[in-house]
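The numbering of the sequence shown is the working numbering, which starts it at 256 and goes up by one. Ideal placement from N, C-alpha and C gives every residue a C-beta, glycine not left out.
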Amino acid sequence: MINKEMAKDYLARAERCLKEASLAIKDEDAGGALRRAQEALELAVKALLRLIGIEYPKAHDVSDALIENSSKLPEELKEKIEDLAELISELASIRGPAFYGYETEGIPASKAFKKDYAENVYKKVKSYVKAIDLSMRKYLS
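Okay, here's the thing in structure tokens:
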């Protein structure tokens, strides 16, 4: 029961982060949109892993855990696993700069990322969160 409850909560929070990412895009805050998109994807993937009983590292990049346990994932996600893992790693690597910028170089987050990049990432993340949500429903019913 705890895993189901936690997974539902993570997914609800992922959807909230997506709404905030969308708002950030509308406000032309690419860094903010990327940060929230990263959080949405991290929460959704951790929700799925938790729901199917996979222990994941307490880190932002859970791509290795996803790949190592790909045989346990729902069939509809298996074909997307490489792209999903790559996106998780990419977003985890820019999580800090999306919020703080590149401090040593003196580049603020508001100038560190392009709007087109943020929009593209948002669309991918939204698609993955939806796919994860649909996959999780069979475990939650």
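With DSSP collapsed to three states, give me the class of residue i.
| i | result |
| --- | --- |
| residue 322 | helix |
| residue 269 | helix |
| residue 372 | helix |
| residue 355 | helix |
| residue 308 | coil |
| residue 287 | helix |
| residue 396 | coil |
| residue 399 | The displayed coordinates of the chain run from 256 to 396. Any statement about residue 399 would go beyond what the structure contains. |
| residue 338 | helix |
| residue 405 | Residue 405 lies beyond the residue range present for the chain, which begins at 256 and ends at 396; the question has no answer from this structure. |
Measure the Cβ-Cβ separation of residue i and residue j and say whether it is below 9 Å.
| i | j | result |
| --- | --- | --- |
| residue 340 | residue 353 | no |
| residue 311 | residue 301 | yes |
| residue 370 | residue 285 | yes |
| residue 263 | residue 395 | yes |
| residue 314 | residue 294 | no |
| residue 398 | residue 279 | Since the first residue of the chain shown is 256 and the last is 396, residue 398 is not available in this structure. |
| residue 346 | residue 297 | yes |
| residue 317 | residue 304 | yes |
State buried or exposed for residue i, treating a residue as buried only when at least 16 other CB atoms are found within 10 Å of its CB.
| i | result |
| --- | --- |
| residue 291 | buried |
| residue 267 | exposed |
| residue 306 | buried |
| residue 334 | exposed |
| residue 364 | buried |
| residue 245 | Lying outside 256 to 396, the shown extent of the chain, residue 245 is not represented and no answer is given. |
| residue 391 | buried |
| residue 348 | exposed |
In terms of residue numbering, what span does the alpha helix (DSSP H) encompassing residue i cover?
| i | result |
| --- | --- |
| residue 332 | 330-333 |
| residue 313 | First-last for residue 313: undefined, no H or E at that position. |
| residue 365 | 364-367 |
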